[in-house]
Amino acid sequence: MSRPVKGVLQGGVTAPLEVIAAPRRVVNPWLGFGIRRFTGLLLSFCLLVVITFLIVPLIPGDPATMVAGEAATPAQVADVRAALGLDQPLIVQFWEYVKGLFSFDLGRSFFYGGTVSDVVLARLPYTVTIALLSITCVLLVGVPCGLAVALVTRGGRNRGLDHTFNALTSFVFAIPNYVLATLLILVFAIEFRWFPPGGVESPLSYVLPTLAIMSGPTAVIARIVRRETAVILEQDYIRTARGWRLSAWVVNTRYVLPNILTTVLTLSGLMLAGLLGGAVVIETVFALPGLGSGVITAIINRDYPVIRGIVLLLGMLATIIIVAVDFLLAVIDPRKLTGAESNG
908 MSRPVKGVLQ GGVTAPLEVI AAPRRVVNPW LGFGIRRFTG LLLSFCLLVV
958 ITFLIVPLIP GDPATMVAGE AATPAQVADV RAALGLDQPL IVQFWEYVKG
1008 LFSFDLGRSF FYGGTVSDVV LARLPYTVTI ALLSITCVLL VGVPCGLAVA
1058 LVTRGGRNRG LDHTFNALTS FVFAIPNYVL ATLLILVFAI EFRWFPPGGV
1108 ESPLSYVLPT LAIMSGPTAV IARIVRRETA VILEQDYIRT ARGWRLSAWV
1158 VNTRYVLPNI LTTVLTLSGL MLAGLLGGAV VIETVFALPG LGSGVITAII
1208 NRDYPVIRGI VLLLGMLATI IIVAVDFLLA VIDPRKLTGA ESNG
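Here it is in structure tokens:
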């Protein structure tokens, strides 16, 4: 960019001169966005490490007594406590814990005897499978239902269907998943014997747990998609598209769906992160050997290293999913890059 300034020529005559200003340095918005997200991710990990270490010892009970047995003498319990490193000051235990994390060593299980990494990795596939199946079913059912109801009830039409939809989704959301899980077992596993009541005997073993987990999130995402779609359908550009005599399929796929994509993606990331840690009760009810049932077993046996390992892993996975969704949203809508920078 240039700006005129006055220059003095020979004889005292002044004349405008062009001075070219130095170009401004353009910063790549992706760089700042990535730095901010990576910093937040790192801080979240550090906070998770501290929280998991400090909260676990608050669980009532003595791990040394659990390992030594109820009939053990005080001397034997003391020996076990020393062998587990529980007799050391808390700061020393924390330092050893952090050092182990840097070498990917989560310690050894008090209950199983093996390494925590082996215990966690053996249970991880079951939890991930349930979470992915659940979020897939939530999207396949919730998004089309919400979209269809919004299209059918557009402009105040079919109010009876709208009221029925709201009542049904509210009812489904209000049912606790463990109650629904129990009902599913009683009806489809015990009465009709269509599915196994628990365990992982076959792929059918995942059907009932998936139904129990997906019910509440499906109702939530269906209502939100219905609401967002209803708002979009009243926008001027939708009326303009209809005025161009475009078919309903073209209007819905080209103009409506892309505008609810960011909402669906955001909800999907949050729900997937929640499903990873929210399957504790369902895995216990269906006797699935996942991380949820594993942390319950570890709490019962005061297995501190396993509790910390599972909670830390679930927390890190949830944080990574949320950050990954932020990046996907920025790819879909680059305005979020500058918005994130300016709002920071």
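In terms of my numbering, the sequence shown opens at residue 908 and continues consecutively. Beta carbons are placed, not taken as given, at the ideal position from N, Cα and C, and that holds for glycine. Just so it is clear, the structure is predicted and the values come from calculations on it, not from any experiment.
- DSSP, reduced to helix, strand and coil, places T1022 within a strand of the structure shown.
- The Cβ-Cβ distance between G1053 and R1133 falls below 8 Å.
- Residue environment analysis places Y1144 among the exposed positions, since fewer than 16 neighbouring C-beta atoms fall within 10 angstroms of its C-beta.
- If you look at F1099, you'll find it isn't in any alpha helix (DSSP H); DSSP assigns it neither H nor E.
- The three-state reading of DSSP puts R1152 in coil, since its state is none of H, G, I, E or B.
- In the three-state reduction of the DSSP assignment, R1061 falls in the helix class.
- Leaving aside the five residues that flank G1014 on each side, the residues in its chain whose CB is nearer than 7 Å to its CB run, in chain order, G1007, V1023 and P1212.
- In this structure the region 1170-1178 does not lie against the region 1087-1103, because fewer than three pairs of beta carbons, one per stretch, are closer than 8 Å.
- Residue pairing from DSSP places R1015 in a beta bridge opposite T1022.
- F1001 and G992 have their C-alpha atoms some 11 Å from each other.
- Short of 7 Å from the beta carbon of L1235, and not among the five residues preceding or following it, lie these beta carbons of its own chain, in chain order: L1172.
- Put simply, the backbone Cα of L1198 is about 12 Å away from that of L1182.
- For Q983, the enclosing alpha helix (DSSP H) starts and ends at P981 to L991.
- Straight-line measurement puts the Cα of D1210 at about 20 Å from the Cα of T980.
- Ranking T959, Q1142 and F1009 by CA distance to the CA of V1202 puts T959 first.
- Residue range L1198 to I1207 is occupied by the alpha helix (DSSP H) that includes A1205.
- With fewer than 16 other Cβ atoms inside 10 Å of its own Cβ, I942 counts as exposed.
- Boundaries of the alpha helix (DSSP H) around L948: P936 to I962.
- At the C-beta level, N1084 and S1041 stay beyond 8 Å of one another.
- Annotation for L1111: no alpha helix (DSSP H) segment contains it, and DSSP assigns it neither H nor E.
- Under the three-state reduction of DSSP, P1212 is assigned to helix.
- Of the candidates P1116, L1168 and L948, the residue whose Cα lies closest to the Cα of V1230 is L948.
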